[in-house]
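In our numbering, the protein residues as written are 1 to 395.
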Amino acid sequence: MNTDPDTAGRTRATASAGRDLKRRGLLKMAVAGAAVLGVLAATGCTPSPTTRSSSSAASATQATLNLAPGDTSDGADNFYTSDQVSAQKVTFKNQYQMNVSGNLFVPKNLDRNATNPAMVVGHPMGAVKEQSANLYATKMAEQGFVTLSLDLSFWGESEGQPRNAVSPDIYAEDFSAAVDYLRTQTYVDKEAIGAIGICGSGSFVISAAKIDPRIKAIATVSMYDMGTANRNGLRHSVTVEQRKDILAQAAQQRDVEFAGGQTEYTSGTPEELNDQSTAIDREFYDFYRTSRGHSPATTTHPTLTGNVKFMNFYPFADIETISPRPMLFIAGEQAHSREFSEEGYQLAGEPKELVIVPGAGHVDLYDRVNLIPFDKLTTFFQDNLGNPHTDEGER
Numbered sequence: 001m002n003t004d005p006d007t008a009g010r011t012r013a014t015a016s017a018g019r020d021l022k023r024r025g026l027l028k029m030a031v032a033g034a035a036v037l038g039v040l041a042a043t044g045c046t047p048s049p050t051t052r053s054s055s056s057a058a059s060a061t062q063a064t065l066n067l068a069p070g071d072t073s074d075g076a077d078n079f080y081t082s083d084q085v086s087a088q089k090v091t092f093k094n095q096y097q098m099n100v101s102g103n104l105f106v107p108k109n110l111d112r113n114a115t116n117p118a119m120v121v122g123h124p125m126g127a128v129k130e131q132s133a134n135l136y137a138t139k140m141a142e143q144g145f146v147t148l149s150l151d152l153s154f155w156g157e158s159e160g161q162p163r164n165a166v167s168p169d170i171y172a173e174d175f176s177a178a179v180d181y182l183r184t185q186t187y188v189d190k191e192a193i194g195a196i197g198i199c200g201s202g203s204f205v206i207s208a209a210k211i212d213p214r215i216k217a218i219a220t221v222s223m224y225d226m227g228t229a230n231r232n233g234l235r236h237s238v239t240v241e242q243r244k245d246i247l248a249q250a251a252q253q254r255d256v257e258f259a260g261g262q263t264e265y266t267s268g269t270p271e272e273l274n275d276q277s278t279a280i281d282r283e284f285y286d287f288y289r290t291s292r293g294h295s296p297a298t299t300t301h302p303t304l305t306g307n308v309k310f311m312n313f314y315p316f317a318d319i320e321t322i323s324p325r326p327m328l329f330i331a332g333e334q335a336h337s338r339e340f341s342e343e344g345y346q347l348a349g350e351p352k353e354l355v356i357v358p359g360a361g362h363v364d365l366y367d368r369v370n371l372i373p374f375d376k377l378t379t380f381f382q383d384n385l386g387n388p389h390t391d392e393g394e395r
């Protein structure tokens, strides 16, 4: 899926439907935002100039109930299930005593009298476990691994107020809490737990792995460095002044909300397309706003005041200290986010590997089964965590 960097810079700046923009700061942010993040206006992964109130976000989500089918080429199968795998909802607490919701996938032929390798799977930024993460977790469970997808705190079925808040530290903690949970399962090898982070979760799992040596092998897919994306935009297209404009708007909004005003949201996949929609708008829309990947539990819109916390997030700092634990970076050849996987690979210590998927875009690797290199993921985790055991014997 090709993206045009020229059109990617023309981000859409619209106000929430029916909302009276009384604060001039919102308009200022919209103007700055069009250049900002030269980028991904309206992706599920990065900020855009669009702001919306809590009420308008809800009505916009309601409007998506009449869904287009979306592009399901290359085997797109976001809601894939398997008769080879048992799935159950689980809940566990992170160290902030917040309930984190997950789906545990166990191969039906797993030898529960042995200990087996396992992994945590994180969803794209702004999404929920039912979008992409469950697919990856199910497919890897078919290969014999015990897998756990999770909703990051403030999203989906996990706790956290306000909803859709941004907290990179807590997101990283959620991955470690998932490891806590897996290590209590008698059929899981405590020393053979890995993790997969998709899109924004790629940066969160790196952040977690830097301080949690129990995560023994790390794979990222279509990774976004959420810190760099928010500070600098794609290809470092955001100026310091534009960044300061966004910070000023968020600070102003904190005053509004502290005084009891409505929560404002920013970024996220557009609720509708028009002739000004960019190639990246359309790429994300085709997943999040169609039956291909839509979930009623998500809007992809983070809070405006919270989203700026990403500017203080540096997941690649000290990434080399994860070594000698192995890292695998997977990105689409045509992905607008490819630069983040390439930079992460360059900075990481050995052993490491970068896999570029021919012809694939960023969102293609969310659900297009015929493009996602599951064989590579399987080999990577088998080599670094060990082979699972089945009732028929070791694979």
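The beta carbon of each residue, even a glycine, is placed where N, CA and C say it ideally should be. Being a predicted model, the structure only gives us computed values, none of them experimental.
Locate the alpha helix (DSSP H) running through residue i, then write down its first and last residues.
i: Leu104; result: Note, Leu104: premise wrong, no alpha helix (DSSP H); beta strand (DSSP E) at Asn99 to Pro107.
i: Thr305; result: Leu304 to Asn307
i: Asn384; result: Phe374 to Leu385
i: Gly202; result: Ser201 to Ile211
i: Ala297; result: Neither: Ala297 is in no alpha helix (DSSP H) and is coded neither H nor E.
For the beta strand (DSSP E) that residue i lies in, which residues bound it at each end?
i: Gln88; result: Val85 to Lys93
i: Val188; result: Val188 to Ile198
i: Ser149; result: Val146 to Leu150
i: Phe310; result: Here Phe310 belongs to no beta strand (DSSP E), and DSSP marks it neither H nor E.
i: Leu328; result: Met327 to Gly332
i: Val166; result: Neither: Val166 is in no beta strand (DSSP E) and is coded neither H nor E.
Could you give the C-beta distance for residue i and residue j, rounded to a whole number, given that I count them as a contact under 8 angstroms?
i: Leu234; j: His362; result: The Cβ separation is near 11 angstroms, so there is no contact.
i: Ala114; j: Tyr181; result: With 8 angstroms as the limit, Ala114 and Tyr181 do not qualify as a contact, their Cβ atoms being about 19 angstroms apart.
i: Gly75; j: Arg292; result: About 12 angstroms separates the two Cβ atoms, so there is no contact after all.
i: Thr305; j: Gln382; result: Contact flag wrong, Cβ pair sits at about 44 angstroms.
i: Pro326; j: Asn384; result: 5 angstroms
i: Tyr171; j: Gly227; result: 12 angstroms between Cβ atoms; not a contact.
i: Asp169; j: Ser153; result: Not a contact, Cβ separation roughly 10 angstroms.
i: Pro213; j: Ser267; result: Contact flag wrong, Cβ pair sits at about 33 angstroms.
i: Met125; j: Ser201; result: 7 angstroms
Run the CB neighbour count on residue i, radius 10 Å, all protein chains shown included, and call it buried at 16 or more, exposed below.
i: Lys108; result: exposed
i: Ala317; result: exposed
i: Gly359; result: exposed
i: Ala68; result: exposed
i: Ala192; result: buried
i: Val39; result: Residue placement at Val39 is flagged as unreliable, the pLDDT there being 38, under the threshold of 50; a coordinate-derived value is accordingly withheld.
i: Phe340; result: buried
i: Lys129; result: buried
i: Thr404; result: Given a span of 1 to 395 for the chain in the structure shown, any question on residue 404 remains unanswerable.
i: Thr46; result: No answer about Thr46 holds up, because its pLDDT of 44 lies below 50 and its placement is not dependable.
i: Gln346; result: exposed
i: Glu350; result: exposed
i: Val308; result: buried
i: Val221; result: buried
i: Ile400; result: Any answer about residue 400 is impossible in this case: the structure gives the chain only from 1 up to 395.
i: Leu247; result: exposed
i: His389; result: buried
i: Pro117; result: buried
i: Gln249; result: buried
In the DSSP assignment, what are the bridge partners of residue i?
i: Arg368; result: Ala76
i: Ile322; result: The partner list for Ile322 (beta bridge, DSSP) is empty, contrary to what the question assumes.
i: Thr220; result: Gly197 and Phe329
i: Thr228; result: Note: Thr228 sits in no beta bridge, so no partner.
i: Phe68; result: It is Ala, not Phe, that sits at residue 68 in the sequence shown. For Ala68, which the question treats as bridged, DSSP gives the partners Thr290.
Would you say residue i faces chain D, with C-beta separation under 8 angstroms as the test?
i: Leu273; result: Checking the listed chains, one finds no chain D in this structure; it contains a single protein chain.
Every unbroken alpha helix (DSSP H) inside the stretch 261-288 [4 residues or more]: List check, alpha helix (DSSP H) in window: 279-288.
Whole alpha helix (DSSP H) elements within the stretch 230-261, 4-residue minimum: 240-258, all fully within the stretch 230-261.
Complete beta strand (DSSP E) runs within the stretch 105-138 (minimum length 3 residues, chain order): If one requires a minimum length of 3 residues, the beta strand (DSSP E) runs lying completely within the stretch 105-138 are 116-122, in chain order.
Contiguous beta strand (DSSP E) assignments of at least 3 residues, all confined to the stretch 335-365: Within the stretch 335-365, the complete beta strand (DSSP E) runs of at least 3 residues are 352-357.
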